[in-house]
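Single-structure report; data block below.
Below, the structure is given as structure tokens:
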């Protein structure tokens, strides 16, 4: 958690240096680069803030009523981690299979000859990222059933005005079967196993509430005593080490930002997005457009051509 806060301040320093060097203080947020230091700092700060407020749970461990609940929560998290390992293997297995089955149909659009309605192939299983996202949200019943549909674009018929609509029914059947199998295995079996394990863990804690609570409170008090009795010299040494490490990390971030990130933004298309125009709504010039040649008359306007004697 502390390292996350340190990284946040380091990225804020990098952002301040960037504004100091390149200006653009009033540049609107929508023109920022996707890897802008301020955006990265805000994301890390969000995670650090969540973890910091989770520290309040350790105070609950000192209370007789809330202490067993906090101990049960910690032990249930271990059960969830075991579930995540099993669920990850199952998800990766179905992701690889469904992605290989549907990747050919990516972007296909089928048009009805009579109603002229267009049906586009769902992007749920066309690539690895989309398949993984679809299967994950399917556990919470947030993925549409039509995700496994197979859409094939119109094929040319014997006449120019006729089209043929083909259906890969077997491929669609395999897709629906795999999608349903994932729902049964992950939701009906594995998720109920997790609920049973969590209920068993809570029952064990409540049956031995006195032992569990006294042990947890003693462990927490011992940890606080060890921190308070730490030698001052060791504390100073740790502060010095953290300060040196922070300076080295900040230097490395500045070097990487100057060598890599600035090179990406110095490209013509990067400059057009990062530079603040006086009118933000004004359309940026295309850096790849060929500039109009300057007429020779304009170049020589106001100047006379040199004579032969002047050339010599």
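Residue numbers (mature numbering (1 follows the signal peptide of the UniProt record, and there is no 0)): -16 to -1, 1 to 296.
Quick reminder that beta carbons are idealized off the backbone N, C-alpha and C, glycines included.
Can you tell me whether residue i is helix, strand or coil according to DSSP?
{"i": "residue 102", "result": "strand"}
{"i": "residue 107", "result": "coil"}
{"i": "residue 139", "result": "strand"}
{"i": "residue 167", "result": "helix"}
{"i": "residue 87", "result": "helix"}
{"i": "residue 4", "result": "helix"}
{"i": "residue 134", "result": "coil"}
{"i": "residue 54", "result": "helix"}
{"i": "residue 93", "result": "strand"}
{"i": "residue 179", "result": "helix"}
{"i": "residue 149", "result": "coil"}
{"i": "residue 17", "result": "coil"}
On a CA-only basis, which of the options is nearest residue i? Give me that one, please.
{"i": "residue 193", "options": "54, 181, 37, 33", "result": "54"}
{"i": "residue 124", "options": "105, 171, 166", "result": "171"}
{"i": "residue 68", "options": "175, 131, 9", "result": "175"}
{"i": "residue 102", "options": "18, 65, 57, 149", "result": "149"}
{"i": "residue 73", "options": "169, 187, 231", "result": "169"}
{"i": "residue -12", "options": "180, 228, 34", "result": "34"}
{"i": "residue 65", "options": "159, 178, 94", "result": "178"}
Using beta-carbon positions only, say whether residue i and residue j come within less than 9 Å of one another.
{"i": "residue 233", "j": "residue -10", "result": "yes"}
{"i": "residue 82", "j": "residue 164", "result": "no"}
{"i": "residue 111", "j": "residue 138", "result": "no"}
{"i": "residue 297", "j": "residue 36", "result": "There is simply no residue 297 to check, as the chain begins at -16 and stops at 296 in what is shown."}
{"i": "residue 60", "j": "residue 190", "result": "no"}
{"i": "residue 153", "j": "residue 116", "result": "no"}
{"i": "residue 301", "j": "residue 108", "result": "The displayed coordinates of the chain run from -16 to 296. Any statement about residue 301 would go beyond what the structure contains."}
{"i": "residue 1", "j": "residue 9", "result": "no"}
{"i": "residue 197", "j": "residue 15", "result": "no"}
{"i": "residue 146", "j": "residue 97", "result": "yes"}
Assuming the contact rule is C-beta atoms closer than 8 Å, residue i and residue j should be a hit. Round their C-beta distance to whole Å, please.
{"i": "residue 133", "j": "residue 104", "result": "About 10 Å; that fails the 8 Å criterion."}
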